[in-house]
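The structure appears right after this line, and notes come after that.
Encoded structure:
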């Protein structure tokens, strides 16, 4: 077991948990590019119902389809956040009327606690790069989903720390590309992922 | 025919020699004639006024199954100093009690009791029972969340009492390291236990995430520094002075190999020991490995050993006025996250105790009064236990002085009378 950061993607029994297969490698590249945080070169996929979930205190969960945790998943997720883990959930539909959003938020409320808006001056937005709030994605206004620019992320906080971070921004689409293609961007759109990882590792 | 004055002189001389002879005879007599008054422990307090009115020719003896209250011992000691032969017998259990405020946010009190091996000691305060411990190898320790009023230890009929220590002011704990799970969860655990935490995590060259103001390191605001890894180099210039002035330092895992801590560490940090762990194993502290502390510097003491070769996992030392504890563990967060049902709470408590063990916490010196070790106080004031007759009767010395004075006055009167009428 090494002390390096391992990017973990949650696998759950319902839905399409693997809808952003290129995202982990891209985020790992971003972490290595901007920080000295030792990071594992490849991510892992961890079933929410498996005890291995607790080895990865930051877990990313996404999908398009309805989310309904099994009892084992629910028990594990509850214990995971109780112990200090951070679950980052991103709505791949970026649609507040979509099935993922409705079911995922309901499931989070049932398993952990109801989500509330995260203030845009939260330390998450200044953990590494400075943001005035959640960075807008090109996919929010692409004609799919609700065509809204979501001004806030949602979160469940415990003891002053984020336990569950929920996004309607569709970072899963925004960051789901091969890392080499960053060179075509004038501004790296994955920088917010650095904030997310640094916040998880330091707050 | 002798004159009346001559007869008086002869009488004075006879009386003087009579007194001297009586004194000589008294000195040859055994002590059997000394009157000894006895009292049992329960009767002593009621007996004291009567004993105080007694002639000092009466010896006093007390049978004790427990050391009496301090005021009774004081009274008995006063009687002894007033000329009474004072003895006591019995074998009250030797009990001693000490209490120190634990540095930390909860106002806990660390209680140490000494007593006969195997004795059951009950602890209580003014509010009621606190705990009970069985003494092993002459002592036992308990950490209790708080004490109301006086703390009392009870072993059979013996009681020891101490005033509860004043709580200490809680200062901040600095957690310094690279951004990672260990530092994050150490800081979280301490915050959850109520410690004010100043966190400083290096993220990139010249970039660090800080919570609170790191410098200056000063005992007026920082109780302890936790070096999670070699990133402690960032405060190397002021760390040694801070520790020598009384600050606490926790060196965790790989931080033991940091050059910045070369003069402060308890020993060198060896190559990481990694035991074989099966996927289904329950993770506990150190179950995934640790950095053994080797080559202890003089004055360091090993506190915990583990592994097949008994490697040192925890060691401690003093540096100047400060305390340093070196912990080989580098991934206690795994214990918290993947351990058993109570691992999260145990992780919190463990880290809080580690910090409290070195934290700078000035406070009033513990008051050790006569109630904290009643049997020791009894022996100090009245001497060791012994039978009543084995003691020399101290008051006899006073009587002999009086008698000697009388004899001298008689002889002086006889001599003066003779000289005044012209005889030699």
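Chains as they are written, first to last, in the numbering used here: chain A, 400 to 602; chain B, 56 to 479.
Here a beta-carbon is modelled for each residue, glycine too, at the ideal position from N, C-alpha and C.
Burial state of residue 441 of chain B is exposed, judged by a 10 Å Cβ sphere holding fewer than 16 other Cβ atoms. Taking residue 200 of chain B as the centre and dropping the five residues before and after it, the same chain places the C-beta of 161, 163 closer than 7 Å to its C-beta, in chain order. When the Cα atoms are used, residue 436 of chain A and residue 198 of chain B turn out to be separated by approximately 39 Å. If you ignore the 5 residues before and after residue 346 of chain B, its C-beta comes within less than 7 Å of the C-beta of 308, 309, 311, 324, 325, 327, 383, 385, all in its own chain and listed in chain order. Membership of residue 358 of chain B in the beta strand (DSSP E) is indicated by the continuous run 356-361. The continuous alpha helix (DSSP H) containing residue 481 of chain A extends over residues 470-481. With a 10 Å radius around the Cβ and a threshold of 16 neighbouring Cβ atoms, residue 529 of chain A comes out exposed. Apart from the 5 residues on each side of it in sequence, residue 366 of chain B sits with its Cβ closer than 7 Å to the Cβ of 328, 347, 360 in its chain, given in chain order.
Shown in chain order are the members of the region 413-441 of chain A whose Cβ falls below 9 Å from a Cβ of chain B: 433, 434, 435, 436, 437. As the crow flies, the alpha-carbon of residue 299 of chain B is around 32 Å from that of residue 169 of chain B. Our two residues, residue 388 of chain B and residue 240 of chain B, have alpha carbons roughly 6 Å apart in a direct line. A distance of 7 Å or more separates the beta carbons of residue 229 of chain B and residue 242 of chain B.
With distances taken between CA atoms, residue 97 of chain B lies nearest to B:123 out of B:252, B:123, B:397, B:112. Of all C-beta pairs linking the region 515-533 of chain A to the region 489-503 of chain A, fewer than three are shorter than 8 Å, placing the two stretches out of contact. The Cβ atoms of residue 283 of chain B and residue 313 of chain B do not sit closer than 7 Å to each other. Closest by C-alpha distance to residue 280 of chain B, out of B:399, B:142, B:377, is B:377.
For residue 143 of chain B, the three-state secondary structure derived from DSSP is strand. With 16 or more other CB atoms across the displayed protein chains lying within 10 angstroms of its CB, residue 220 of chain B is buried. Residue 443 of chain A: not part of any alpha helix (DSSP H); member of the beta strand (DSSP E) spanning 443-446, first to last residue. Between the C-alpha atoms of residue 343 of chain B and residue 445 of chain A there is a straight-line separation of about 20 Å.
For residue 399 of chain B, the closest Cβ of chain A is nearer than 7 Å. As DSSP reads the structure, residue 457 of chain A sits in a beta bridge with A:485. For residue 100 of chain B, the uninterrupted alpha helix (DSSP H) segment begins and ends at 96-108. Using a CB distance cut-off of 7 Å, residue 456 of chain A counts as an interface residue toward chain B. The beta carbon of residue 407 of chain A is closer than 6 Å to those of 443, 445, 455, 458 in its chain, skipping five residues each way along the sequence. Among the CB atoms of chain B, one or more fall inside 7 Å of the CB of residue 402 of chain A. In this structure, DSSP gives residue 224 of chain B a state outside helix and strand, which the three-state scheme calls coil. Residue pairing by DSSP places residue 324 of chain B opposite B:348 in a beta bridge. One finds 234, 258, 264 in chain B with Cβ atoms closer than 7 Å to the Cβ of residue 597 of chain A, taken in chain order.
A residue is called buried once 16 or more other Cβ atoms fall within 10 Å of its Cβ, and residue 390 of chain B is buried on that count. Under the DSSP definition of a beta bridge, residue 516 of chain A partners with A:553. Put simply, of A:503, A:549, A:451, A:463 the residue whose alpha carbon is nearest the alpha carbon of residue 479 of chain A is A:451. In the DSSP assignment, residue 199 of chain B is bridged to B:164.
Residue 226 of chain B is positioned such that its CB atom lies no closer than 7 Å to that of residue 407 of chain B. A distance below 6 Å between beta-carbons, with the five flanking residues on each side excluded, links residue 90 of chain B to the following residues of its chain, in chain order: 113.
The criterion of a C-beta distance shorter than 7 Å is satisfied by residue 594 of chain A and residue 526 of chain A.
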